[in-house]
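Per my numbering: the sequence shown = residues 9 to 464. Glycine residues also receive a C-beta, built at the ideal position from the N, C-alpha and C atoms. Notes follow once the structure below has been shown.
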Amino acid sequence: MTEQADNRKETVIVDVNDFEFLENEQDEKGGLIRPVDTAKMLKACYWIEFELSRLTMGWVSAAADWDVKGELVRMAYLHTEHMKRLRDRFEELPGGAMKDKAWTPAKLSEAFGRLAMAPSLVEFAAAYRLVVTRLYEQYSWMHDALDPILEAPTLDQLRLIDIDREQLVAWALPHIRFAYADAPQGQRQAQVWRSYAARLSRIVFDAEQEGKTAIDWPDHPELAAAGPVPDQPAADPRYPHVDLTKFKSAMFDPKSPTHDSVKHMVFINASEMSAAESLTYLYYGVQRMPMSFYHDIARHTWDEVRHSQMGVRRLKQMGYRTEDFSWHPSSGLTPDKLEQTFPEFYSSLTMVMEPCSFIKKRKSIDAFKQHGDPLSSLQSEYDIADERLHVGFGKKWGAKLFEHIDDFVTAAVVTEKAKRMHLEKMGYTAGEINSVLDSFPEFCGFATMDLKYSNY
């Protein structure tokens, strides 16, 4: 055997799905970040983004102001969009695969659960600003530390996430600046909470706490929590509630100035904040579903907010005030049997109310055009496009939410169950319900109201 042959090394074949060999070769050459470490950092940010989305969504019902409710839903949606970008990248890296039933690490979940229990919107806003600022500082550190060529795919995703930095970091300022200018007791409360939130934030971002079973949690301030997901959603006085002892829904109240015209479609759009707010309870309350469930619900909730915003904007353009109408109250979805309340609400929304709305929305499109109102017509077109997506969400997730109930068999069963429950709540007899369930147009005639399309 020659000397050259003696120096040959045996070829080693590496399983690309086996990351043990990577973990055993830690880099010791001065600050270089290996792909397994990048995946770990991105995952940590992913869970913080998720908990920020839950934090903001959970506080929608605790905020009284209609505009703030919409802002919080928008922020929650943006955090889920960041989650998608982070996951797209870390699942490309060694060690980045995520299990189907993965959930927030216990330390983070506990920290954010404590942060959520703020005594008012002022303290909540301060805590949110503190955490989201620290998160963007982490993104900035990664941007500077990662190799611009080797980690270009990661940096591309971070640049897209950075687009929302100003909006998210600045959101809290109007709510905390001068909030207690003339209230010394409030100032003391805010200071106590900020100190508490700062200690929790250090736990969230302290890498040394990772994996510890015993965390030195700070004492929770003796302050009554206003959120998240209170039993009774906070209401905006600019949107007075309908008397539900007289009407099944606000859309049936004849005192509404649009009641006898096609413009009532615009009011129905404006009323969709109640559906959005109920969805926030679903988002915050249902845990350990696949992460794509939360992405879809965040999008659905944001769409409902957009519909409400476009409806309110159009009503004001027409010369109305929100005080001129009576509005459907939001539902807290917090009775004893939550395992039924959540799937029943979601199935009713996506398999009854939204599909049935297509009929009158299509008619409204043409009616608005005939009345010379192209903007209202356009709103109905976008409304239909969004709600087709929501019906798909319902088919996808309604069954998942019902799967622990004994009589669940298929998505078709869920659809019929949702229709039956909806008509039962409206007071129809079993015979009346059975007579219309198989006819979609007739069922929707029972389930919803028609509009006077010839009147404007």
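Might you give, ordered along the chain, the residues of its own chain that have their beta carbon closer than 7 Å to the beta carbon of residue i, omitting 5 neighbours on each side?
i: Glu362; result: Glu395, His398, Val399
i: Leu143; result: Cys53, Ile56
i: His308; result: Leu287, His398, Phe401
i: Asp23; result: Only weak support is given to the placement of Asp23: the predicted model assigns it a pLDDT of 43, under 50, and the value that follows is read from those uncertain coordinates. Cβ within range, chain order: n/a, list empty.
Is the Cβ-Cβ distance between residue i and residue j less than 8 Å?
i: Lys274; j: Trp335; result: The sequence shown places Val at residue 274, not Lys. Not a contact, by the Cβ cut-off of 8 Å.
i: His183; j: Val237; result: no
i: Leu8; j: Ile41; result: As displayed, the chain neither begins before 9 nor continues past 464, which places residue 8 out of reach and without an answer.
i: Pro226; j: Leu208; result: yes
i: Val313; j: Arg82; result: yes
i: Gly406; j: Thr358; result: yes
i: Ser269; j: Asn463; result: yes
i: Pro161; j: Arg93; result: no
i: His272; j: Ser282; result: no
i: Ser64; j: Ala84; result: This sequence places Thr at residue 64; Ser is not what is there. The answer is yes: Cβ separation under 8 Å.
i: Gln387; j: Met318; result: yes
i: Glu331; j: Pro248; result: yes
i: Leu409; j: Tyr354; result: yes
i: Ala258; j: Ser279; result: yes
i: Pro127; j: Leu231; result: yes
May I ask you to report which of helix, strand or coil DSSP gives residue i?
i: His249; result: strand
i: Trp335; result: strand
i: Arg296; result: coil
i: Arg329; result: coil
i: Ile5; result: Past the edges of the chain, shown from 9 to 464, lies residue 5, and the structure says nothing about it.
i: His267; result: coil
i: Pro43; result: helix
i: Ala283; result: helix
i: Lys368; result: helix
i: Arg185; result: coil
i: Gly340; result: coil
i: His303; result: helix
i: Ala258; result: helix
i: Val240; result: Per the sequence shown, residue 240 should be read as Gln rather than Val. If DSSP states are grouped into helix, strand and coil, Gln240 belongs with coil.
i: Ala52; result: helix
i: Glu230; result: coil
i: Trp225; result: coil
i: Trp67; result: coil
i: Asp311; result: helix
i: Phe29; result: Residue placement at Phe29 cannot be trusted, given a pLDDT of 39 that sits under 50; the coordinates are not used to answer.
i: Ala426; result: At Ala426, the pLDDT of 48 sits below 50, so the modelled position is not reliable; the number obtained from the coordinates is stated separately. Looking at Ala426 - three-state DSSP - the assignment turns out to be helix.
Go to residue i, then tell me how far its alpha helix (DSSP H) extends in each direction, as first and last residue.
i: Val212; result: 192–213
i: Val360; result: Here Val360 belongs to no alpha helix (DSSP H), and DSSP marks it neither H nor E.
i: Thr88; result: 74–98
i: Thr112; result: Careful: Thr112 lies outside any alpha helix (DSSP H) and carries neither H nor E.
i: Tyr464; result: Per DSSP, Tyr464 belongs to no alpha helix (DSSP H) and is neither H nor E.
i: Arg167; result: 160–170
i: Tyr136; result: 129–153
i: Ala278; result: 272–278
i: Glu389; result: 382–410
i: Ala178; result: 173–178
Once the 5 residues before and after residue i are set aside, which same chain residues still bring their CB inside 6 Å of it?
i: Arg202; result: Ala134
i: Phe213; result: Arg142
i: Gly194; result: Tyr188
i: Asp311; result: Asp394
i: Lys51; result: Phe98
i: Lys371; result: Tyr461
i: Asp172; result: Leu86
i: Gly39; result: none
i: Pro351; result: Leu409, Phe410
Give every residue of the same chain whose Cβ lies closer than 8 Å to the Cβ of residue i, excluding the five residues on either side of it in the sequence, and list them in chain order.
i: Glu36; result: Note that Glu36 has pLDDT 44, beneath the 50 cutoff, so the model's placement of it is unreliable and the number below is only indicative. Nothing listed; no residue qualifies.
Shortest alpha-carbon distance to residue i belongs to which of the options?
i: Ala178; options: Val140, Lys403, His267; result: Val140
i: Phe260; options: Ile211, Phe333, Gly235, Asp391; result: Phe333
i: Asp244; options: Ser300, Asp381, Ala72, Ser264; result: Ala72
i: Arg185; options: Ala160, His228, Ser69, Arg137; result: Arg137
i: Leu86; options: Lys107, Ala105, Glu59, Trp111; result: Glu59
i: Pro241; options: Asp224, Tyr461, Ala70, Asp374; result: Ala70
i: Glu159; options: Met318, Ala189, Val44; result: Val44
i: Met49; options: Glu99, Gly78, Glu79; result: Glu99
i: Gln295; options: Asp239, His315, Glu331, Trp111; result: Trp111
i: Ser286; options: Trp67, Lys51, Glu174, Val200; result: Trp67
i: Asp108; options: Trp149, Tyr328, Met297, Ile223; result: Met297
i: His315; options: Pro351, Ile157, Ile276; result: Ile276
i: Asp75; options: Gly121, Arg196, Arg321; result: Arg321
i: Leu123; options: Ala105, Val200, Gly78; result: Val200
i: His303; options: Ala234, Ala233, His90, Pro156; result: His90
i: Ser117; options: Ile211, Ala105, Ala284, Leu383; result: Ile211
i: Ala375; options: Leu459, Phe301, Tyr390, Cys364; result: Leu459
i: Gln146; options: Phe132, Ile169, Ala234; result: Ile169
Less than 7 Å separating the Cβ of residue i from some heavy atom of the ligand ADP?
i: Ala114; result: Absent from the structure shown: the ligand ADP. Ligands present: none.
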